[in-house]
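Colleague: A single structure is presented below for examination.
In our numbering, the protein residues as written are 1051 to 1245.
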């Protein structure tokens, strides 16, 4: 089975391919880049679902071609959930250093990462899969792997950037959302085979 993953982020492709391999899922993830506007909205699930519908409506993929996208956000308690659904934009503007500066002297460093996979099997049908992980913002950047806010998001005493892809996939928001998505695809395929 082949699924199109629409993203400009090679790291995300590597993560889901690694996970599919570990799950022994006979799914080929084909990476394609398609330019589409990211809707600015506080609800990350709304953003992901709307983006998938836009891609289909504009004919950026074939009408019957199954594809998925993934959107994620970092929600920091002390900043009232900021940057949340605007994480990509905020990372481009102020990066990890900017977030650390905003939290200088702040004791409450609790944060959560949320990932939403929006899957469109055909037409305008969109199904979402959500993954959440709670952690904290480290006091400094640590680690050399990962991407985005990984060097400052700490889980179990290590930042995501201090973990291998497999270690991160086992606990991360994206790993959890991708697992739900892949399990859905596998169970749907097995149901079709049983018919």
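Ideal Cβ placement from N, Cα and C applies to all residues, glycine included.
Quantities reported herein were computed from a predicted structural model and do not represent experimental measurements.
Take residue 1097 and list the residues in its own chain whose beta-carbon comes closer than 7 Å to its own, dropping the five residues that flank it on each side.
Modeller: Here the set comprises 1088, 1089, 1091, 1121, 1135.
Colleague: What residue from 1178, 1168, 1194, 1161 has the CA that sits closest to residue 1185's CA?
Modeller: Per the Cα distances, 1161.
Colleague: Count the CB pairs spanning the segment 1139-1149 and the segment 1062-1081 that are closer than 8 Å, and state whether there are at least three.
Modeller: Flag = no, the segment 1139-1149 and the segment 1062-1081 do not touch.
Colleague: Please look up how many angstroms separate the CB atoms of residue 1066 and residue 1105, rounded, as I've assumed it's under 8 Å.
Modeller: Incorrect: roughly 18 Å between the Cβ atoms, too far for contact.
Colleague: Would you mind stating whether residue 1085 and residue 1232 have Cβ atoms separated by less than 8 Å?
Modeller: The answer is no: Cβ separation not under 8 Å.
Colleague: Let me confirm a value: residue 1189 is counted as buried when at least 16 other C-beta atoms fall within 10 Å, else exposed. Which label applies?
Modeller: Residue 1189 comes out exposed.
Colleague: Quick check: the segment 1154-1168 against the segment 1109-1129, are at least 3 beta-carbon pairs closer than 8 Å?
Modeller: Counting Cβ pairs under 8 Å, three or more are found: they touch.
Colleague: Return the bridge partner residues of residue 1044 from the DSSP annotation.
Modeller: This structure cannot settle anything about residue 1044, because the visible part of the chain is limited to 1051 through 1245.
Colleague: Just to check my reading of the structure: residue 1103 and residue 1176 have Cβ atoms closer than 8 Å, yes? What is that Cβ distance to the nearest angstrom?
Modeller: Confirmed, about 6 Å.
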